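For the sequence shown, the numbering used here gives the first residue as 1, with consecutive numbering after it. Glycine included, each C-beta is placed from N, C-alpha and C at the ideal position. None of these values were measured; they are calculated from a predicted model.
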Amino acid sequence: MAKRFFSTVVLWSVFIGSIYLWQMTAIVWFITLISVVAQNEVYNMAKNLGWKAYRVYGLIIGGCLPLATYYRHFLYEFTGGVVDGSTVMAVGFTVCALVSIRTREIRDNFQRLGGTFIGILLIPYMLTFYVRICELHPDVNIGMALGCWVVLVAKFCDVGALLVGSWIGKNKMAPKISPGKTWEGFGGGIATSALLGYLAVFFLPDLFPRDFAPWIAAVCAIPIAAMAALSDLIESVIKRQAAVKDSGKTIPGIGGAFDLVDSLLLSAPIAFILLSFFSHG
1 MAKRFFSTVV LWSVFIGSIY LWQMTAIVWF ITLISVVAQN EVYNMAKNLG WKAYRVYGLI
61 IGGCLPLATY YRHFLYEFTG GVVDGSTVMA VGFTVCALVS IRTREIRDNF QRLGGTFIGI
121 LLIPYMLTFY VRICELHPDV NIGMALGCWV VLVAKFCDVG ALLVGSWIGK NKMAPKISPG
181 KTWEGFGGGI ATSALLGYLA VFFLPDLFPR DFAPWIAAVC AIPIAAMAAL SDLIESVIKR
241 QAAVKDSGKT IPGIGGAFDL VDSLLLSAPI AFILLSFFSH G
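Shown next as structure tokens:
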């Protein structure tokens with residue numbers, strides 16, 4: 001627990017300090033780095049399950065996704081066309097498909113393509129939504145505040161679930177997947193996220209869009225937190241099937257990069273959709 005607390009403090013300090021110094025550039029490169037590391041961990045676990053993937057190609061595509069999304073306007077000046085995450089995905093799939101032609105086994109081809117793009121879609125594609133969330137508002141500072149708000153809501157759902165679940169948790173949520181999770185903890189996590197989402201906007205209103213009222217923040221936090229909990233369960237399924245306790249050993253006390261961002265994955269697209277309605281004021 002002490003290692004986990006220390007790692008959490010260090011990570012948040014580095015993250016916030018980097019944002020203060022380099023703003024969006026820090027966020028984009030942090031997302032890129034964590035995406036590639038977590039994606040590689042997914043490929044390692046997939047290997048334990050007997051799945052194959054074009055690892056190098058997949059990691060290159062995954063690393064380019066957030067970068068192409070953020071630097072698309074800069075790339076437009078050089079290419080004369082729209083080069084963004086969608087372009088990276090399309091070109092990447094084409095390259096992997098051409099590479100797969102070398103293999104005679106059709107089943108092996110499909111397995112490698114599937115394994116490669118499951119890793120891409122699960123990690124870098126989802127995390128790239130945080131770049132898009134930060135770009136929702138014309139004021140970059142407000143956009144970054146929205147992105148940090150989503151991270152706060154998603155991560156503290158797990159904290160609230162742990163505290164409430166250990167206190168009054170009785171009814172198992174998914175006993176075969178994650179025996180420690182309870183419905184009471186799930187409800188506590190949702191409530192914690194809604195409360196923190198409300199308080200953040202209530203006490204720091206100047207950091208958020210004018211039409212993003214505290215009560216709206218609390219309502220938006222509910223589905224975001226629910227998706228965070230589901231995202232965490234999906235990682236538990238993958239780790240259980242791969243027979244590993246942690247996705248990696250990158251971060252002391254936490255595990256791997258996938259363990260760090262698990263709750264941020266499915267919560268990202270739903271957050272982007274919801275915040276799109278309240279980010280213009």
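Checklist entry - Around the Cβ of I252, are there at least 16 other Cβ atoms within 10 angstroms (buried) or fewer (exposed)? => result Note that residue 252 corresponds to Pro in the displayed sequence, not to Ile. Exposed, since its Cβ has fewer than 16 Cβ neighbours within 10 Å.
Next on the checklist: Between which residues of its own chain and R55 is the CB-CB distance below 6 Å, once the five residues before and five after are set aside?
Outcome noted: Here the set comprises Y43.
Checklist entry - What are the start and end residues of the beta strand (DSSP E) that includes S178? => result From DSSP, the beta strand (DSSP E) with S178 extends over S178 to T182.
Item to check | Cβ-based neighbour list, A68, same chain, cut-off 8 Å, excluding 5 preceding and 5 following | outcome: The beta carbon of A68 sits closer than 8 Å to those of L75, V83, D84, G85, T87 and V88, all from its chain and outside the five residues before and after it, given in chain order.
Item to check | Contacts around V140, its chain only, beta-carbon distance under 7 Å, and the 5 residues preceding and following it disregarded | outcome: Excluding the 5 residues flanking it on each side, V140 has same chain C-beta neighbours closer than 7 Å at Q23 and M24, in chain order.
Next on the checklist: Using a 10 Å radius around the Cβ and a threshold of 16 neighbouring Cβ atoms, would you call L204 buried or exposed?
Outcome noted: The Cβ neighbour count for L204, taken over all protein chains shown within 10 Å, is under 16; the residue is labelled exposed.
Checklist entry - What distance in whole Å lies between the Cβ atoms of L136 and L146, which are believed to be in contact at a cut-off of 8 Å? => result The Cβ separation is near 6 Å, so the contact holds.
Checklist entry - In chain order, what residues of the same chain have a beta carbon less than 7 Å from the beta carbon of L122, not counting five sequence neighbours either side? => result If we look at L122 and ignore the five residues flanking it on each side, its Cβ neighbours are V42 and L265.
Checklist entry - Who are the near neighbours of E365 in its chain, counting only those whose CB is closer than 6 Å to its CB and skipping five residues on each side? => result The first residue shown for the chain is 1 and the last is 281, placing residue 365 beyond what the model contains.
Next on the checklist: Three Cβ pairs or more, each shorter than 8 Å: is that satisfied between the segment 211 to 229 and the segment 238 to 251?
Outcome noted: At 8 Å Cβ cutoff, the stretches do not touch.
Next on the checklist: Tell me which residues share the same chain as V37 and place their Cβ nearer than 7 Å to its Cβ, disregarding the 5 neighbours each side in the sequence.
Outcome noted: For V37, where only same-chain residues beyond five positions count, the Cβ hits under 7 Å are T250 and A257.
Checklist entry - Where in the segment 74 to 156 do unbroken runs of the alpha helix (DSSP H), each at least 4 residues long, occur, reported from the N-terminal end onward? => result Listed in chain order, they are 85 to 100, 106 to 120 and 126 to 134.
Checklist entry - What is the residue span of the beta strand (DSSP E) that A174 lies within? => result K172 to A174 is the extent of the beta strand (DSSP E) around A174.
Checklist entry - Three or more C-beta pairs closer than 8 Å, one from the segment 167 to 174 and one from the segment 192 to 212: is that the case here? => result Using a C-beta cut-off of 8 Å, the segment 167 to 174 makes no contact with the segment 192 to 212, since fewer than three inter-stretch Cβ pairs fall below that distance.
Next on the checklist: Could you compute how far the alpha carbon of I61 sits from the alpha carbon of W167?
Outcome noted: Using only the alpha carbons, I get a separation of about 44 Å.
Item to check | Option in L195, D259, A213 and L230 with minimal Cα separation from F277 | outcome: Out of L195, D259, A213 and L230, A213 has the C-alpha closest to the C-alpha of F277.
Item to check | Enclosing alpha helix (DSSP H) for L233 [first to last residue] | outcome: Per DSSP, the continuous alpha helix (DSSP H) segment holding L233 begins and ends at P214 to A242.
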